[in-house]
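>
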Amino acid sequence: MKIAFVATYPPRQCGIGTFTHSLAHAMKKNGDNKNEIIIIAMADNHEVYAFPPEVKLIIHQEQQIDYLAAADFINRSGAEICILEHEFGIYGGQSGVYILPLLHRLHIPLISTLHTILENPSYTEKAILQQICKMSDKLVVMSHKAIQFLESIYYVPLEKIIRIEHGVPDIKFDKETSRARFKLTNKKLLLTFGFLGRNKGIETVINALPQIIEKHPDLYYIVLGKTHPNVLRSAGEEYRNYLQLLIKTLNLGNHVLLLNEFVEEKELFKYLAACDIYITPYLNEAQITSGTLTYAMGSGCAVVSTPYWHAAELLTQNKGRLFDFNDENGLAKILNELLGDPEMLKTIQRKAVVYGQDITWPKIGERYLQLADRLISEPAKPQPKKESTIDLLLLPTFSLAHIKRLTDDTGIIQHAKFGIPNLKEGYCLDDNARALLMVCMAYKQKKNELALELMPVYMSYIHYMQNTDGTFRNFLSFNRNFLDEVGSEDSFGRTIWVLGYLMVHAPNDAYFQTARLLFFNAAPNFEKLKSIRAIANTLIGMCYYLKTNPSDEEMKLRLLRMTEILVVHFEQNQSENWNWFESLLAYDNGILPLALLHASQVLDNKKVRTIAFKAMGFLTSHTLKDGYLSVIGNRQWFVKDKERSIYAQQPIDAMAMVLMYHQAFVLTRDRAYLEKLFTSFMWFLGENDLRMSLYDFETKGCCDGFEDYGVNRNQGAESSLAYLISHLTVLQAYEDSYHGHEL
């Protein structure tokens with residue numbers, strides 16, 4: 117049997133990876149090594165791993181295209197079954213949504229092992245897990261509680277679920293030999309192991325120790341484990357430092373050791389063999405499976421634990437002891453009782469040994485093999501219908517290389533000579549606003565570190581250009597001289613758009629507060645705008661703000677009044693064959709229906725929605741009628757009852773179309789809009805009137821547009837940002853096509 121696994125894998129230091137390695141090799145050995153395993157390993161965004169030979173393909177967590185390539189690889193590999201190890205934190209996209217397209221494309225049976233099942237999932241978490249359950253042939257869980265949750269919360273049929281407990285290595289070490297190795301022969305040893313983080317509750321044990329040491333002065337407590345990588349990235353060693361200070365304050369330096377190590381299994385089992393009592397003092401009940409708990413019991417340890425779900429289920433019938441969360445006194449009482457009664461302690465240890473004999477990895481591997489055999493023998497899984505017309509394999513690799521090239525410590529340079537920044541033209545507000553929108557999207561969707569690094573550069577430019585009355589200047593020379601007093605209304609509107617977006621998706625509070633300050637400084641000028649495109653851009657920013665602040669009635673009334681301006685323009689200019697806001701189609705046209713689509717959602721206004729779709733249909737009829745996007749050229753535009761302009765087509769028009777169709781899909785879930793969205797995006801890659809790509813695969817920039825003679829090879833900020841915003845919107849639309857969109 118050939119088995120494909122999708123999961124994390126050693127040498128990545130991860131509990132799921134250790135589980136996968138143990139299960140995969142147990143299944144291989146159970147067939148006298150005739151079974152073949154192939155691993156599709158998850159790599160996070162921060163590390164490079166030297167994977168072993170059985171790893172045949174790597175998925176980079178936030179690279180959507182890798183998931184599609186992995187599905188194709190598995191289907192071609194000859195694998196007869198796929199096993200997914202699911203944990204929300206190891207797959208990319210919002211709540212790990214990127215895994216869904218991979219599973220959807222599989223042509224072989226799928227077993228999903230669910231390591232986390234949330235009792236109170238978010239909308240997205242629930243939707244994603246339900247989709248995984250739907251696409252899986254069997255779901256493996258490790259506790260009865262998990263079965264209850266799947267049935268009652270996620271509505272999974274009971275016959276689809278099977279309980280196979282967490283395995284333990286079949287490793288045995290002599291207790292006295294292990295204690296001697298660690299120089300603990302004359303000590304009573306307590307042990308906790310696993311990644312360190314605030315939720316582990318180690319302080320409860322440390323606070324209980326003085327009461328125990330008073331009766332058992334030979335007590336020693338080892339906490340074995342590195343700080344969790346996610347904790348380390350967000351908070352550093354704050355928790356470990358807190359524990360060290362607590363140890364020092366309680367004068368426990370001779371009784372506690374914090375070992376900042378990730379040990380291999382054999383070394384871990386030497387520690388487990390040496391310990392008298394294993395403790396899991398977790399702070400809340402929401403843990404459906406605990407590998408550390410299973411390892412401790414499987415190695416014959418007496419376990420004392422807080423009553424989180426897995427522990428409460430496993431430690432019944434005197435197989436261990438439970439104490440309440442944060443209850444240091446209750447813990448001290450139990451430990452004193454057990455340490456003072458060796459026979460009681462041995463009784464618990466013997467029961468743990470009996471339990472462990474039935475869950476060694478060879479036995480667990482055999483159960484998975486039996487399940488796999490049953491599924492393989494069933495009728496072949498039908499090939500899935502194509503649910504999305506978006507083909508991510510056609511997208512170039514997402515890159516900010518050209519944007520980095522155009523950006524200095526002031527902001528983004530607005531123009532370029534071919535792929536080289538043209539410093540003579542300086543900076544403008546339009547492009548820095550677009551750049552801020554793009555990097556916000558890139559960090560939200562891909563956790564791109566360069567995007568986060570560039571974000572304050574564009575924010576500070578916007579802040580620098582705001583006047584005391586809330587308006588903005590637009591142009592700044594390369595030597596940082598202002599070139600205007602008040603910028604264009606369009607640049608104002610684009611800035612309000614990104615400030616509204618940032619208030620929803622700010623990566624931290626400082627950015628949120630800055631965006632809010634600039635937004636409300638500018639707010640008195642919203643209703644002074646005359647340009648309908650400036651109004652449209654401003655409406656979009658207001659809608660983002662109101663989606664998270666729906667109780668701001670004053671802003672909602674302002675939104676209604678400004679929306680009515682676009683409605684009046686439409687009603688005054690429409691005729692039998694002309695459903696538009698002006699007597700011509702000019703530039704950035706898709707922004708006008710896009711703004712009304714957003715406004716209709718926030719205002720719940722059917723009339724606004726009807727006009728938005730009518731205008732979108734009119735624009736579509738003139739730009740998508742030949743199966744590819746032909747945006748209105750800027751040479752003469754398209755005046756009513758005259759010939760439309762074909763040339764001087766610009767990327768911002770294509771971007772507006774991509775954004776417009778995405779919002780239409782969000783509102784309607786009509787997949788026809790996904791096709792139009794992707795068709796519009798392909799304009800950048802050569803599906804256009806000239807059949808030439810505007811995206812430059814060498815520089816990673818986008819050309820400024822095309823004329824009748826060919827492509828304008830200059831790659832300024834506006835065009836490159838339009839491409840990248842469109843690229844990110846395609847990725848978001850693809851993600852939305854597999855689950856509901858929230859904001």
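In my numbering, the protein residues as written are 117 to 859. Idealized CB from N, CA, C, for every residue including glycine.
Distance, Cα to Cα, residue 144 vs residue 518?
For the purposes of this step, residue 144 is identified with residue 28 of the sequence shown, where counting begins at 1. For the purposes of this step, residue 518 is identified with residue 402 of the sequence shown, where counting begins at 1. Distance between the alpha carbons of residue 144 and residue 518: 47 angstroms.
> Beta-carbon within less than 6 angstroms of residue 258's beta-carbon, same chain only, minus the 5 sequence neighbours each way: which residues are those?
Locating residue 258 in the sequence shown gives position 142, counting from the first residue. The answer, listed in chain order, is 281, 282 and 405.
> Going straight from the alpha carbon of residue 387 to that of residue 474, what length do you get?
Your numbering for residue 387 matches position 271 in the sequence shown. Your numbering for residue 474 matches position 358 in the sequence shown. So the alpha carbons of these two residues sit roughly 21 angstroms apart.
> Within the chosen definition, does the region 313-322 reach the region 119-135 through at least 3 CB pairs nearer than 8 angstroms?
Flag = no, the region 313-322 and the region 119-135 do not touch.
> For residue 248, which of helix, strand or coil comes out of DSSP?
On the sequence shown, residue 248 is found 132 positions in, with the first residue counted as 1. Of the three classes helix, strand and coil, the one that applies to residue 248 here is helix, per DSSP.
> Sorted by chain position, which residues of the same chain lie with C-beta nearer than 6 angstroms to residue 605's C-beta, five sequence neighbours on each side aside?
Sequence index remark: in the sequence shown, residue 605 carries index 489 (1-based). The residues are 645, 647 and 650.
> When the distance is taken between beta carbons, is residue 146 closer than 7 angstroms to residue 481?
For this step, residue 481 is matched to residue 365 along the sequence shown. For this step, residue 146 is matched to residue 30 along the sequence shown. Remark: C-beta atoms of residue 481 and residue 146 approach each other more closely than 7 angstroms.
> Cutting at 8 angstroms between CB atoms, please list the residues of its own chain near residue 424, excluding the five before and the five after it.
To locate residue 424, count along the sequence shown from 1; it is residue 308. Once the five neighbours on either side are set aside, the close Cβ partners of residue 424 are 396, 398, 400, 401, 402, 403 and 406.
> Quick one: give me the first and last residue of the alpha helix (DSSP H) that residue 891 is part of.
With the chain covering 117 to 859 only, the question about residue 891 has no answer from this structure.
> Could you check the C-alpha separation between residue 176 and residue 763 for me, to the nearest Å?
The sequence position of residue 176 within the sequence shown is 60, counting from 1. The sequence position of residue 763 within the sequence shown is 647, counting from 1. If you take the alpha carbons of residue 176 and residue 763, they lie about 40 angstroms apart.
> Candidates 752, 682 and 694: which alpha carbon is nearest residue 725's?
If you number the sequence shown from 1, residue 725 lands on position 609. Minimum Cα distance to residue 725 is reached at 682.
> Short check: CB of residue 552 to CB of residue 574, under 7 angstroms?
Along the sequence shown, read from residue 1 onward, the residue named residue 552 stands at position 436. Along the sequence shown, read from residue 1 onward, the residue named residue 574 stands at position 458. Yes, Cβ-Cβ distance for residue 552 and residue 574 is below 7 angstroms.
> Jot down the residue ranges of each uninterrupted alpha helix (DSSP H) in the region 490-574, minimum 4 residues, whole runs only, in chain order.
Those alpha helix (DSSP H) runs which fall completely within the region 490-574 and span 4+ residues are 517-522 and 545-562.
> Distance check for residue 625 and residue 416, CA to CA, integer angstroms please.
What you label residue 416 is simply residue 300 of the sequence shown in a count that begins at 1. What you label residue 625 is simply residue 509 of the sequence shown in a count that begins at 1. If you take the alpha carbons of residue 416 and residue 625, they lie about 48 angstroms apart.
> Could you check which residue in 335, 332 and 306 has the C-alpha nearest to that of residue 391?
Indexing the sequence shown from 1 puts residue 391 at position 275. Here the closest residue by C-alpha is 306.
> So for residue 220, helix, strand or coil by DSSP?
Residue 220 sits at position 104 when you count from the first residue of the sequence shown. Here residue 220 sits in helix by DSSP.
> What number of angstroms, rounded off, separates the C-alpha of residue 122 from the C-alpha of residue 206?
Looking up residue 122 in the sequence shown gives position 6. Looking up residue 206 in the sequence shown gives position 90. Each residue's alpha carbon lies about 11 angstroms from the other.
> Is it the case that the region 757-774 contacts the region 826-842, given that we only count it when at least three CB pairs across the two stretches are under 8 angstroms?
yes
> Just the Cα atoms here: how many angstroms apart are residue 727 and residue 514?
Numbered from 1 along the sequence shown, position 611 holds the residue referred to as residue 727. Numbered from 1 along the sequence shown, position 398 holds the residue referred to as residue 514. Between residue 727 and residue 514, the C-alpha separation is close to 35 angstroms.
> Inspect the CB distances between the region 824-835 and the region 541-559 and report whether three or more fall short of 8 angstroms.
yes
> For residue 288, which of 324, 235, 411 and 249 has the nearest alpha-carbon?
Within the sequence shown, residue 288 is the residue found at index 172, counting from 1. Per the C-alpha coordinates, the member of 324, 235, 411 and 249 positioned closest to residue 288 is 411.
> With 16 other CB atoms within 10 Å as the buried threshold, where does residue 766 fall?
Counted from its first residue, the sequence shown places residue 766 at position 650. Buried is the call here.
> What residue from 160, 586 and 704 has the CA that sits closest to residue 345's CA?
Working through the sequence shown from its first residue, we reach residue 345 at position 229. Each of 160, 586 and 704 was checked against the Cα of residue 345, and the nearest Cα belongs to 160.
> Taking only three categories from DSSP, how would you classify residue 754?
The count along the sequence shown starts at 1 and reaches residue 754 at position 638. Three-state result, residue 754: strand.
> Suppose you measure from the CA of residue 609 to the CA of residue 615; what does that come to, to the nearest Å?
Taking the sequence shown and counting its residues from 1, the one referred to as residue 609 is at position 493. Taking the sequence shown and counting its residues from 1, the one referred to as residue 615 is at position 499. Their backbone Cα atoms lie some 10 angstroms apart in a straight line.
> Once you ignore the five residues that flank residue 437 on each side, which residues in its own chain have a CB closer than 6 angstroms to its CB?
Your numbering for residue 437 matches position 321 in the sequence shown. In its chain, beyond the 5 residues on either side, 420 and 450 have a beta carbon closer than 6 angstroms to the beta carbon of residue 437.
> If contacts are defined as beta-carbon pairs under 8 angstroms, then residue 487 and residue 227 qualify, I think. What distance do you get, rounded to the angstrom?
By 1-based counting over the sequence shown, the position of residue 487 is 371. By 1-based counting over the sequence shown, the position of residue 227 is 111. 6 angstroms between Cβ atoms; contact.
> For the candidate residues 219, 216, 201 and 240, whose alpha-carbon lies nearest to that of residue 232?
Taking the sequence shown and counting its residues from 1, the one referred to as residue 232 is at position 116. Closest option to residue 232, Cα to Cα, is 201.
> What residue range does the alpha helix (DSSP H) around residue 254 cover?
Position 138 of the sequence shown, counted from the start, is the residue given in the question as residue 254. Where residue 254 is concerned, there is no enclosing alpha helix (DSSP H), although the beta strand (DSSP E) it sits in stretches over 254-257.
> To the nearest angstrom, report how far apart residue 601 and residue 250 are at their CA atoms.
Residue 601 sits at position 485 when you count from the first residue of the sequence shown. Residue 250 sits at position 134 when you count from the first residue of the sequence shown. About 59 angstroms.
> Confirm, please, whether the CB-CB distance from residue 409 to residue 427 is below 7 angstroms.
Along the sequence shown, one-based indexing puts residue 427 at 311. Along the sequence shown, one-based indexing puts residue 409 at 293. Yes, the pair counts as a contact, with Cβ atoms nearer than the cut-off.
> Mapping DSSP to helix, strand and coil, what is residue 598?
The residue given as residue 598 occupies position 482 in the sequence shown. Strand at residue 598.
> Where does the unbroken alpha helix (DSSP H) through residue 420 begin, and where does it stop?
For this step, residue 420 is matched to residue 304 along the sequence shown. Careful: residue 420 lies outside any alpha helix (DSSP H), inside the beta strand (DSSP E) at 418-421.
> Tell me, please, whether the region 582-601 touches the region 636-643 by the rule of three or more beta-carbon pairs shorter than 8 angstroms.
yes
> Considering only residues of the region 619-677, which uninterrupted alpha helix (DSSP H) runs meet the minimum length of 4 residues and lie entirely inside it, listed in chain order?
Fully enclosed alpha helix (DSSP H) runs of 4 or longer: 625-638 and 648-664.
> Over what stretch of residues does the beta strand (DSSP E) that includes residue 394 continue unbroken?
Sequence index remark: in the sequence shown, residue 394 carries index 278 (1-based). First-last of the beta strand (DSSP E) with residue 394: 393-396.
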